[in-house]
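What follows is one structure encoded as structure tokens, with my remarks underneath.
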Amino acid sequence: PASPPFWKMKLLVFILAMLSASALAFVAPVHPTHALVQIQGAASLDRARASRVADSATRMMAKDDVIEVDGVVTEKLPNAMFRVEIANTEQVVLAHISGKIRKNYIKVLVGDKVKVELSPYDLTKGRITFRSRK
Numbered sequence: 004p005a006s007p008p009f010w011k012m013k014l015l016v017f018i019l020a021m022l023s024a025s026a027l028a029f030v031a032p033v034h035p036t037h038a039l040v041q042i043q044g045a046a047s048l049d050r051a052r053a054s055r056v057a058d059s060a061t062r063m064m065a066k067d068d069v070i071e072v073d074g075v076v077t078e079k080l081p082n083a084m085f086r087v088e089i090a091n092t093e094q095v096v097l098a099h100i101s102g103k104i105r106k107n108y109i110k111v112l113v114g115d116k117v118k119v120e121l122s123p124y125d126l127t128k129g130r131i132t133f134r135s136r137k
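Final position of the sequence shown in my numbering is 137; the numbers increase by one with none missing.
Structure below.
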């Protein structure tokens, strides 16, 4: 007979670990990664450390994961939003001002050349991180 799928084996290991660790007092994990922590034998960890381990497993994407491109502001929109045309392409993205530009009161006008960080998840939205001098 064929072996059961991998996820079924992992689920069985999880259930057995939960039963043995909690002596039949099952407590559902608060976060999906808490289940992984418990599978790896970390059920004996105190709650704070287990939370830190789980948070590191689901950490936000790093700043290195963004796509940085140059563009020209084509339209100013309300709430510090802009339409930026990416250089060398016809693509127009919706971009907002980054915190440092906002904090230092740097004005961004139509026609300005800017650097935009695009998210790898949605290439139609971005953040203006730099306004180049003319």
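Idealized CB from N, CA, C, for every residue including glycine.
Note that the coordinates shown come from a computational prediction; the quantities given were computed from them, not determined experimentally.
- No Cβ-Cβ contact shorter than 8 Å links Thr92 with Arg86.
- Counting the other CB atoms within 10 Å of its CB gives Gly129 a total of 16 or more, which places it among the buried residues.
- One Cα belongs to Val75, the other to Arg134, and the distance between them is close to 10 Å.
- Per DSSP, Gly129 is one residue of the beta strand (DSSP E) stretching across Lys128 to Arg134.
- Assignment of beta-bridge partners to Ala98 by DSSP yields Phe85 and Gly129.
- Per DSSP, Leu121 is one residue of the beta strand (DSSP E) stretching across Lys116 to Leu121.
- Spanning the alpha carbons of Tyr108 and Met84 requires a straight line of approximately 15 Å.
- In the displayed model, Leu19 falls within a helix according to three-state DSSP.
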